[in-house]
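Novice: Residue numbers (my numbering): 3 to 197. A virtual CB, placed ideally from N, CA and C, is assigned to each residue, including glycine.
1. Would you say residue 65 lies against chain C (beta-carbon separation less than 8 Å)?
2. Taking the beta strand (DSSP E) that residue 73 belongs to, which residues open and close that run?
3. Strictly by DSSP, which residues pair up with residue 164?
4. Residue 103: buried (16+ other C-beta within 10 angstroms of its C-beta) or exposed?
5. Check residue 169 in the structure and name its three-state DSSP category.
6. Given residue 108, which residues of its chain have a CB within under 7 Å of its CB, disregarding the five upstream and five downstream residues?
7. Taking all protein chains shown into account, decide if residue 129 is buried (16 or more other Cβ within 10 angstroms of its Cβ) or exposed.
8. Give the secondary structure of residue 60 by DSSP, where H, G and I count as helix, E and B as strand, and everything else as coil.
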């Protein structure tokens with residue numbers, strides 16, 4: 003009787019072992035099915051026309067304003083692509099700085115704005131200074147920090163004066179615009195007004 007019981011147990015153990023081995027083999031070679039929910043694609047989920055976004059400082063004053071006629075938001079990396087953007091940085095007791103370009107990409111939290119194609123930076127004229135304009139092919143702006151930079155060629159004009167160089171760093175907090183290399187230029191002193 004004991005012999006018969008052991009003979010029946012062997013096929014059950016063998017079937018259980020084969021079932022376990024089949025399950026392990028299936029999980030080992032199982033290929034993950036691609037998700038079709040759009041999260042892996044870089045497709046826009048939101049499109050906005052003629053929008054304006056403003057950021058305020060701690061005292062409630064507008065720190066900067068970003069405007070564009072067209073925006074596409076992408077959920078995979080939470081970035082936004084803009085056409086013809088204009089970014090205006092407001093500074094206490096100083097003229098505003100206006101950044102514009104044909105294209106821009108804004109990072110997920112808005113901390114970085116990448117401008118490219120026909121980038122212009124304009125400091126408005128004041129009573130004592132004419133308008134200052136800088137042109138470059140691309141510029142990275144971090145508006146909350148008040149800085150912008152590029153490694154590309156830059157041309158700055160102010161009235162009849164001009165300067166050219168490669169690479170630049172702009173600090174709106176200290177009102178400095180530093181050209182980094184290959185700098186050439188001409189400075190023409192503005193004519194003094196006579197009373």
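Specialist: Concretely, from the data shown:
1. Here there is only one protein chain, and chain C is not present.
2. 64-76
3. 159, 188
4. buried
5. strand
6. 81, 82, 84, 115
7. exposed
8. coil
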